[in-house]
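Heads up: the structure comes next, in structure tokens.
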Amino acid sequence: MTSLTMVNDSFSPKDGFIVFSRQKLLAGDPEIVIKLYQPLIGAASFSLYMLLRTFVAQRVSLSERRMHTTLLELLDMGANTLYEARCKLEAIGLLRTYEQEDELGKVVLYELQAPQLPRAFFEDDLLRTLLLETVGEQQFKALQHYFFNPLFEHPQAVETTKHFLEVFNIQPRTLQQKTRLASLFESSATKKPEMSWKETGLDRTFVVALLEHSFIDTKQVLEHEKKLLVAHVVYGLDELTLVNLLEQAANVATNKVDFALFEKLVQQQKPQGALTKQVNQPQAEAVTSQDVPQLRQEDQGLLDACRAYAPADFLRVLKKEKGSFATASELHTLEWVGQKKLFHPAVINVLIHYMMIDREMALLNRNFFEAVISDWSQKKIATPEEAMQQVRSFNSLKKQQKTPTSKTRPRRRTQVIQKEKLPDWAKDGAQLTPQSKFSEADRQKLKARLSKFKKKQ
1 MTSLTMVNDS FSPKDGFIVF SRQKLLAGDP EIVIKLYQPL IGAASFSLYM LLRTFVAQRV
61 SLSERRMHTT LLELLDMGAN TLYEARCKLE AIGLLRTYEQ EDELGKVVLY ELQAPQLPRA
121 FFEDDLLRTL LLETVGEQQF KALQHYFFNP LFEHPQAVET TKHFLEVFNI QPRTLQQKTR
181 LASLFESSAT KKPEMSWKET GLDRTFVVAL LEHSFIDTKQ VLEHEKKLLV AHVVYGLDEL
241 TLVNLLEQAA NVATNKVDFA LFEKLVQQQK PQGALTKQVN QPQAEAVTSQ DVPQLRQEDQ
301 GLLDACRAYA PADFLRVLKK EKGSFATASE LHTLEWVGQK KLFHPAVINV LIHYMMIDRE
361 MALLNRNFFE AVISDWSQKK IATPEEAMQQ VRSFNSLKKQ QKTPTSKTRP RRRTQVIQKE
421 KLPDWAKDGA QLTPQSKFSE ADRQKLKARL SKFKKKQ
């Protein structure tokens, strides 16, 4: 699995760093990391994770920081390689990064995360799919057999297991302390933001009502509600369509839904048109001219289209105009970012347009896509206007870098000092897929079509 080399101009080997963790890292964690995570993140990221484990301090003091040169020397790698390895750890969920400035300079706080247990890993749709694509079906099954023993059937045996209160006694005074202890634990625990029905705009009451009038098992469906939310955010499917697909994927003999089949049916859906509930999606409010520079008038139509359509539908429209189609891997990439709940769908559409049209990529390359997502996340890009301005500023800088600074004395080289550098994903050299033959006339035709899209309320 190849990945895009990432560069961060603000990252310096002279910056300090501190490593901490909110919970005890167990001795068995490295086995899970090397078996399940290492194929996804590579040897460099695995080495960085294992080295950072040795620096974890129970009592954190900002004055006891180390320099990043220590990591570079111990790992024998360059700054760009280290930064890329760090980004992979962040994306896969093994590391959280914070930065701050103080009187001693810049310091990076690394919060190490424990890997998911094998069962949770294989139940995670994105991790399971990525592992399967990386190692192949044979090795994937071998890993499953390694972590999970065959089911031992014992139909003649009767369970005699004791319950908790049959063995242990808890004093009433101890029970009174549970609220204080629970709140203390919750304040120290790290919880990832979960996608909710309210934020996505999907009507849970309506879905439950439809399920109650259907033959499928309502309880089983609600246990997999995250799949419904992702299907709504990424593909723009409404409640009626989702329940219809659930019924198509259900076994009429058991009333159970085959969610692997459900996901395939979702990907096969034709574009649904404008989203009618994006007003309830995670907020992407229009920003004022004080927040970002004024956008060009011709970009307003594109912004309307980005707000009006689900990312999967938006991608399908662009691919169709280029005489192609959205592949399963591209749709999996959109599902991945949809589950992460990092950006409003309109921001994702701006990125899709940037890759497909501005950079003329033939495919929505996942490595490139993740690189931009990571960069925009660090830069706190929150609205489609900010994303559009980010893209336009990069395009403008690229044009300036290609323009000769002087037409005189052509034999003498003039050193050009760049005060602002493009991120690696915005450079011409970062193209990872073959360029499509998309002429300027085709580009203008597509922009004219997109400008006609109107958001339906």
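If you use full-length UniProt numbering, the sequence shown corresponds to residues 1 to 457, in order.
Beta carbons are placed, not taken as given, at the ideal position from N, Cα and C, and that holds for glycine.
In this structure, the beta-carbon distance from Phe-55 to Val-19 falls below 9 Å. Going by C-alpha positions, Pro-384 is about 16 Å away from Gln-378. One Cα belongs to Gly-105, the other to Met-67, and the distance between them is close to 11 Å.
For Arg-86, the enclosing alpha helix (DSSP H) stretches over residues 79-92. Our two residues, Leu-117 and Lys-322, have alpha carbons roughly 43 Å apart in a direct line.
The beta carbons of Leu-72 and Leu-94 sit no closer together than 9 Å.
Distances from the alpha-carbon of Asp-304 to those of Asn-365, Asn-349, Leu-261 put Asn-349 closest. Contact annotation: the stretch 227-239 touches the stretch 329-344, with at least three C-beta pairs closer than 8 Å. The Cβ atoms of Val-234 and Ala-308 do not sit closer than 9 Å to each other. Within the same chain, Ala-91 come within 7 Å of Glu-370 by CB-CB distance, once the 5 residues on both sides are set aside.
In this structure, DSSP gives Val-158 a state outside helix and strand, which the three-state scheme calls coil. Taking the Cβ atoms as the reference, Asn-169 lies roughly 39 Å from Asp-217, outside the contact range of under 8 Å. Under the 8 Å Cβ criterion, the stretch 200-220 counts as touching the stretch 242-256, having at least three qualifying pairs.
DSSP places Thr-241 in the uninterrupted alpha helix (DSSP H) bounded by 239-248.
Per the coordinates, the alpha-carbon of Ala-250 lies some 18 Å from the alpha-carbon of Leu-237. Ranking Lys-88, Pro-39, Glu-99 by CA distance to the CA of Leu-62 puts Glu-99 first.
Per DSSP, reduced to three states, the secondary structure at Glu-225 is helical. Shown here, Lys-319 sits in a helix according to DSSP, grouped into three states. With contact defined as three or more Cβ pairs closer than 8 Å, the stretch 41-55 and the stretch 130-144 are not in contact.
9 Å or more divides the Cβ of Arg-96 from the Cβ of Tyr-83.
Between Leu-26 and Leu-48, the gap from beta carbon to beta carbon reaches 9 Å or more.
Taking the Cβ atoms as the reference, Ile-352 lies roughly 7 Å from Leu-364, within the contact range of under 8 Å.
When secondary structure is reduced to three states using DSSP, Gly-105 falls in the strand class. For Leu-25, DSSP records no beta bridge to any residue. In this structure, the straight-line span from the alpha carbon of Leu-246 to that of Val-257 is close to 6 Å. Closest in alpha carbon position to Glu-31, among Gly-301, Ala-114, Ser-393, Ala-362, is Ala-114.
Gln-100 is bridged by DSSP to Val-107. Here Glu-64 is exposed: its Cβ has fewer than 16 other Cβ atoms, across all protein chains shown, within 10 Å. Membership of Phe-20 in the beta strand (DSSP E) is indicated by the continuous run 16-20.
Under the three-state reduction of DSSP, Leu-40 is assigned to helix.
The residue among His-344, Glu-123, Arg-59, Phe-206 with its C-alpha nearest the C-alpha of Lys-24 is Arg-59. Here DSSP, grouped into helix, strand and coil, assigns Asn-367 to helix. Sorting Asn-367, Arg-366, Phe-368, Ala-387 by C-alpha distance to the C-alpha of Trp-376 places Ala-387 at the top.
Here Val-56 carries a coil assignment [DSSP, helix/strand/coil]. Val-257 carries a strand assignment under DSSP once its states are collapsed to helix, strand and coil. The beta carbons of Ser-12 and Ala-79 sit closer together than 9 Å.
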